[in-house]
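**Q** For the sequence shown, counting from 1, position 69 maps to 69 in my numbering; every step adds exactly one. Each residue gets a CB set at the ideal place from its N, CA and C atoms; glycine is no exception.
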Amino acid sequence: MEYHWYEDYWTMPRNLPKGHQFFIGYYQTQRAIRFHVENIHTDQSVFLSTWLLDNGYRVFLHFKSGIVTELKLGDNPPPGGRINSPKNLEGLLLSGCLGKLSE
């Protein structure tokens, strides 16, 4: 299972691989997580937490700059550092600890 977060809606790919789906907005993304959709692509950062990792999702951050980072529990390459459970990944993302956000 994969959770792909995109910093900018307009940089989301328009052609996803088979079995991958877009979920735009809070409600759609919330339902996708609740029903354990296999591959989620969204612009919703509010759901970024170690709960996703604990429940079998691989978490990918797609920055507007083109950089893609995978987050894992334990040690991550810089700038991610060590991520332990439970943790609010959105807070780390918005503070710039997981990579540089565009302005």
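Residue 47 and residue 69 look like a contact to me (Cβ under 8 Å); what is the Cβ gap, rounded to whole Å?
**A** Not confirmed; about 17 Å, so no contact.
**Q** Identify every residue that forms a DSSP beta bridge with residue 68.
**A** 62
**Q** At which residues does the alpha helix (DSSP H) containing residue 28 begin and terminate?
**A** Where residue 28 is concerned, the enclosing alpha helix (DSSP H) starts and stops at 26 to 34.
**Q** Between residue 82 and the rest of its own chain, which residues show a CB-CB distance below 8 Å, the 5 nearest in sequence each way excluded?
**A** 74, 75 and 76
**Q** Indicate the three-state DSSP secondary structure (helix, strand or coil) for residue 9 in the structure shown.
**A** helix
**Q** Taking the straight line between their C-alpha atoms, what separation do you get for residue 57 and residue 101?
**A** 23 Å
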